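Quick note: the sequence shown uses the working numbering, first residue 36, plus one each step. Backbone N, C-alpha and C fix where the C-beta goes; we use that ideal spot for every residue, glycine too. No experiment lies behind these values; they were computed from the predicted model shown. Worksheet for the structure shown next.
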Amino acid sequence: MHQTIKVGKDPGYFLHLGAPLKELGAFLDKTYGASGHYLIITNPIVADLYAEQLLEGLKYFRTDLITVPDSEEEKSLARISKLTEQALRCRADRATIVIALGGGVIGDLAGFFASIFMRGIRYIHIPTTFLAQIDSSIGGKVAVNHPAGKNLLGSFYSPQFVWTDFTTLETLPWVEIQNGLAETIKHALVGDPELLDLVEEKVDAIKNKDLVVLQNIAMKSLAVKVKIVSEDEREKNQRVLLNLGHSFGHALEADQGFRGITHGQGVSLGLLAASYISYNRGLLSAGELARIENILNKLELPTWVTSCDPYVLLELMAGDKKNKAGNKVLVLPVGIGKAMAVADCEDGEIVVAWKKIIK
Ligand SMILES: NC(=O)c1ccc[n+]([C@@H]2O[C@H](COP(=O)([O-])OP(=O)(O)OC[C@H]3O[C@@H](n4cnc5c(N)ncnc54)[C@H](O)[C@@H]3O)[C@@H](O)[C@H]2O)c1
36 MHQTIKVGKD PGYFLHLGAP LKELGAFLDK TYGASGHYLI ITNPIVADLY AEQLLEGLKY
96 FRTDLITVPD SEEEKSLARI SKLTEQALRC RADRATIVIA LGGGVIGDLA GFFASIFMRG
156 IRYIHIPTTF LAQIDSSIGG KVAVNHPAGK NLLGSFYSPQ FVWTDFTTLE TLPWVEIQNG
216 LAETIKHALV GDPELLDLVE EKVDAIKNKD LVVLQNIAMK SLAVKVKIVS EDEREKNQRV
276 LLNLGHSFGH ALEADQGFRG ITHGQGVSLG LLAASYISYN RGLLSAGELA RIENILNKLE
336 LPTWVTSCDP YVLLELMAGD KKNKAGNKVL VLPVGIGKAM AVADCEDGEI VVAWKKIIK
């Protein structure tokens, strides 16, 4: 199945879902013509697995492939500078189209590079992780990190289109699928109660990496993100809801030096901490809270953590980019399938939630 879904308006762009890697060349030929220069940016792991398939489809074009080491640390201005030198050596010009082949790190880095190289050239994203397929490839945010903060330097810069071949999930390690699943649970809580039913029903197939089931869940999950970002492309209103679990999760990631805990694990704990606040405010029933904890457990995502100081975590939350006028902006689930952003959480209320997940 090759389906397309439009993201955003004016002009927006298309997600090509279930689109085989080897068919990209024919699509590019039809869309942009036979002559063109494509600069593929990827990492060695993804290149080993998928570059050959991709290049086979692109064999009639002028292509260059640049690999960057596989690490979040490569989302840096230093790497942007190196990419610039490499692109120039490949005789890239304003007509060159960047192809970001990889997960969220490559998508953010190559997308940001495309947004500033020669004042902006076109790019295409081929997301190869579950997280990138359902989340980071949608919404046009590109960025690199800075010592003062994650994704601190970036822009809104949409790809020409996204080309998603779900069969790339076959080689993705379970821990990376889990990172995406934490975002899927977030999407279910923010906008699709039926998605939670589906994940609960198919939990064994998910853990067996059943591709049909994963694809079905990915389609429902990404639909929540598409709907929200299409209505709020520049994050002025409801797009903030996609931050559910992240204010807590980022604090945990920062506390562990971005190494001791994966992003998905941080989001899982963050979803639960936010759910405790909702429960205490009467926005979630005891049954709904238990259901959230239960599905996270079944997906082998953490629901508690040790050796953390709630006051240190509180302090780390003060630096969240989403905060406004010194107030912590938190997103709270309201039942299953709805969420709201609040700026009136007292520090004491947040500490109580932290204490619930710190054993
Ligand atoms: N732009 C956005 O809106 C947005 C949203 C969420 C996250 N992000 C960013 O995304 C990044 C995380 O992305 P990620 O979770 O995809 O991590 P990632 O890009 O680091 O990929 C995870 C690992 O999987 C490997 N990999 C990728 N595809 C594979 C495949 N098909 N088979 C086997 N291995 C494969 C990678 O080499 C890497 O080791 C973070 O930098 C985060 O800030 C951006």
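- Restricting attention to Arg126, Cys343, His160 and Gly92, the CA atom closest to the CA of lysine 390 is found in Cys343.
- Pro79 is the residue among Cys380, Pro79, Ile220 and Lys262 whose C-alpha sits nearest the C-alpha of isoleucine 141.
- Secondary structure at leucine 279: coil, using DSSP grouped into helix, strand and coil.
- Not one heavy atom of ligand 1 falls within 7 Å of the beta-carbon of asparagine 278.
- Setting aside the 5 residues that flank it on each side, arginine 126 is surrounded in the same chain by His72, each with a C-beta closer than 8 Å to its C-beta; the list follows chain order.
- By the beta-carbon neighbour count (other beta carbons within 10 angstroms, threshold 16), serine 106 is exposed.
- Using a C-beta cut-off of 8 Å, the segment 184-195 makes contact with the segment 146-159, since at least three inter-stretch Cβ pairs fall below that distance.
- Cβ contact annotation for leucine 84 (same chain, cutoff 6 Å, sequence separation greater than five): Thr206, in chain order.
- For aspartate 64, no beta strand (DSSP E) run applies; the uninterrupted alpha helix (DSSP H) run containing it begins and ends at 59-67, by DSSP.
- Within the chosen limit of 7 Å, ligand 1 does not reach the beta carbon of leucine 336 with any heavy atom.
- Counting C-beta atoms within 10 angstroms of its own C-beta, lysine 221 has 16 or more neighbours from the protein chains shown and is therefore classed as buried.
- In the three-state reduction of the DSSP assignment, serine 190 falls in the strand class, which pools E and B.
- A direct Cα-Cα distance of roughly 42 Å separates glutamate 236 from proline 182.
- A contact between stretches requires three or more CB pairs, one per stretch, nearer than 8 Å, and the segment 53-66 fails this requirement with the segment 271-278.
- Rounded to whole angstroms, the separation of the alpha carbons of alanine 223 and glutamate 288 is 23 Å.
- Closest in alpha carbon position to glycine 305, among Arg129, Ser150, Ile392 and Thr203, is Ile392.
- For alanine 178, the secondary structure class from DSSP, reduced to helix, strand or coil, is strand.
- Listed as beta-bridge partners of glycine 137 by DSSP are Pro162.
- If one requires a minimum length of 4 residues, the alpha helix (DSSP H) runs lying completely within the segment 191-262 are 209-226, 228-236 and 238-242, in chain order.
- Residue side-chain check: glutamate 266 keeps its Cβ at 7 Å or more from all non-hydrogen atoms of ligand 1.
- Boundaries around methionine 375 are those of the beta strand (DSSP E), 374-377, since no alpha helix (DSSP H) includes it.
- Judged by DSSP in its simplified three-state form, lysine 390 adopts helix.
- Beta-bridge partners assigned by DSSP to isoleucine 75: Leu100 and Ile134.
- Annotation for proline 345: the continuous alpha helix (DSSP H) segment containing it runs 345-352.
- By the C-beta criterion, the segment 323-331 is judged not to be in contact with the segment 243-254, since fewer than 3 inter-stretch pairs fall below 8 Å.
- DSSP, read as helix, strand or coil, puts leucine 89 in helix.
- Under the three-state reduction of DSSP output, asparagine 329 falls in the helix class.
- Ranked by Cα distance from proline 162, the options Leu187, Pro55 and Asp239 are led by Pro55.
- By the Cβ test, the segment 304-321 is in contact with the segment 367-387, since at least three Cβ pairs between them sit closer than 8 Å.
- Beta-bridge pairing by DSSP links lysine 41 to Phe49.
- Contact between the segment 254-274 and the segment 172-180 is present: 3 or more CB-CB pairs across the two stretches fall below 8 Å.
- In the DSSP assignment, the residues bridged to lysine 359 are Asn362.
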